[in-house]
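S.K.:
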Amino acid sequence: MQSTTLSIGDPIEARCTKCRKNTDHIIITLEEKAPAKVQCNTCTRKHKYRAPTVPKKTTTRQTAKPKDADRKEWESLQSEMDSAKAKTYSMTESYKLNALINHPSFGLGIVQRIIGSQKIEVLFEEGRKTMRCQ
Ligand SMILES: [Zn+2]
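Per our numbering, the very first residue in the sequence shown carries number 60; after that it's consecutive.
1. Using a threshold of 7 Å, state whether the C-beta atoms of Glu90 and Asn81 are closer than that.
2. Is Glu90 helix, strand or coil by DSSP?
3. Exposed or buried, which one is Ile174 when buried takes at least 16 other CB atoms within 10 Å?
4. Is the closest heavy atom of ligand 1 to the C-beta of Lys77 under 6 Å?
5. Using 8 Å as the cut-off, can you tell me whether the segment 130 to 146 makes contact with the segment 174 to 192, which would need three or more C-beta pairs spanning the two stretches below that distance?
6. Please report the straight-line C-alpha distance between Thr112 and Thr76, rounded to a whole angstrom.
7. With distance defined between alpha-carbon atoms, name the residue in Leu167, Thr101, Ala93 and Arg74 nearest to Thr64.
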């Protein structure tokens, strides 16, 4: 394909050692149709072509993954949730499995697990929460 053929003077993204980041470059020389020498548009330095580096993934995104799964599950269950049937959450109430709860801060939730006595696990839009009950 002609569009993939590089020519001298073409703009190309490359890693610049002086700028210490990926910047726009102009191809100065080509070797076997691959860029050999490039010039940085930012600092005007001429250097060997280096492929742009891929930015590292942030660790904060990785820790958010289990919550994403909860969110997806909540969204899939949302269509079956009838907010009119939801009970306003109260510590003095007793709840059954799959009961709908309306929590003043977390919103609509569904009881997913009865954890021993006086504790339930509720799936809210923002994740799973352990709640007290009677
Ligand atoms: Zn540069």
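Every residue gets a Cβ at the ideal spot worked out from N, C-alpha and C, and that includes glycine. Computed from a prediction, not measured in an experiment: that's the story for all the values here.
M.R.: If we stick to the structure as given:
1. no
2. It is a strand residue.
3. exposed
4. yes
5. yes
6. Cα to Cα, Thr112 sits roughly 11 Å from Thr76.
7. Ala93
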